[in-house]
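Heads up: the structure comes next, in structure tokens.
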Amino acid sequence: MEGLIKLNKPKIQKILEEENNILEYIYGEEKIENKLISDITISNISQDRVDFDSCIFENVTFEECDLNKIGIMDVIFENCNLSNVSFNDGSLYRVEFKNCKLIGIRFEDSLIKDVLFRDVLGKYSNFSFAKIKGANIIESNFQESVFQETKIEKIAFLDTDLSKAIFNKTKLKGIDFSTCNLNGIEIGIDDVKGAMFSMVQAIDLTRIMGIKIK
82 MEGLIKLNKP KIQKILEEEN NILEYIYGEE KIENKLISDI TISNISQDRV
132 DFDSCIFENV TFEECDLNKI GIMDVIFENC NLSNVSFNDG SLYRVEFKNC
182 KLIGIRFEDS LIKDVLFRDV LGKYSNFSFA KIKGANIIES NFQESVFQET
232 KIEKIAFLDT DLSKAIFNKT KLKGIDFSTC NLNGIEIGID DVKGAMFSMV
282 QAIDLTRIMG IKIK
């Protein structure tokens with residue numbers, strides 16, 4: 082699609098081992114790799130430094146999970162619910178979230194590189210202090226999400242709802258928001274320099290920032 086960032090796709094083994102007793106690996110602090118995890122619920126986990134490598138998660142629900150400092154590389158999450166999961170201080174590289182529920186997910190202080198969010202419900206998600214080095218957010222809902230002092234190198238938003246999202250001390254130069262819903266967005270004058278907006282969006286932003294047009 083036009084305007085998107087060229088991302089490296091997940092490199093996943095053609096043959097994956099089906100594994101639904103994932104808790105044993107997590108608590109054993111083992112790297113979880115070359116696995117297909119599907120149709121399960123993972124609950125009440127608080128574990129640092131878990132590593133997922135070359136895995137596919139399908140129809141998996143994460144409940145009450147704090148997975149700070151997680152390492153996720155070459156992983157696809159499809160039809161999963163990761164609402165309120167904490168990936169703070171984590172590292173995500175070549176990861177895809179497709180048709181997932183990510184309400185309230187936390188990526189604070191995380192490194193995000195070559196990550197796709199497509200058809201995602203990501204309301205109230207938090208990217209504060211994260212480093213984003215390549216992400217596409219497509220046809221998703223990120224209402225009231227927070228980008229506080231987020232360092233963005235490469236990101237594209239396409240047909241995404243960003244209403245009431247907060248961009249504070251986050252430089253947005255070169256980012257095209259013209260296909261997105263920005264109703265009620267909170268954004269600073271310094272942050273918005275060099276970003277691209279539709280004519281209607283630009284007029285609305287002047288009102289939000291208190292600029293009067295005569």
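Each number in the working numbering corresponds to the 1-based position in the sequence shown with 81 added.
Every residue, glycine too, gets a C-beta built ideally from N, C-alpha and C.
- Annotated three-state conformation of Arg-288 is helix, per DSSP.
- Within the DSSP bridge table, the entry for Ser-172 names Gly-152 and Leu-192 as partners.
- Under the Cβ criterion (8 Å, minimum of three pairs), the region 113-121 does not count as touching the region 188-202.
- Residue pairing by DSSP places Ala-237 opposite Asn-217 in a beta bridge.
- By a beta-carbon distance limit of 8 Å, Asp-240 does not contact Gln-224. Their separation comes to about 14 Å.
- In this structure, DSSP gives Glu-99 an extended state, which the three-state scheme calls strand.
- Taking the Cβ atoms as the reference, Asp-257 lies roughly 6 Å from Gly-84, within the contact range of under 8 Å.
- A direct Cα-to-Cα measurement between Gly-171 and Glu-189 gives close to 8 Å.
- Counting along the chain, no beta strand (DSSP E) covers Ile-270; the unbroken alpha helix (DSSP H) around it starts and ends at 270-273.
- Looking from the CA of Ala-216, the closest CA among Lys-182, Arg-187, Leu-173 and Lys-250 belongs to Leu-173.
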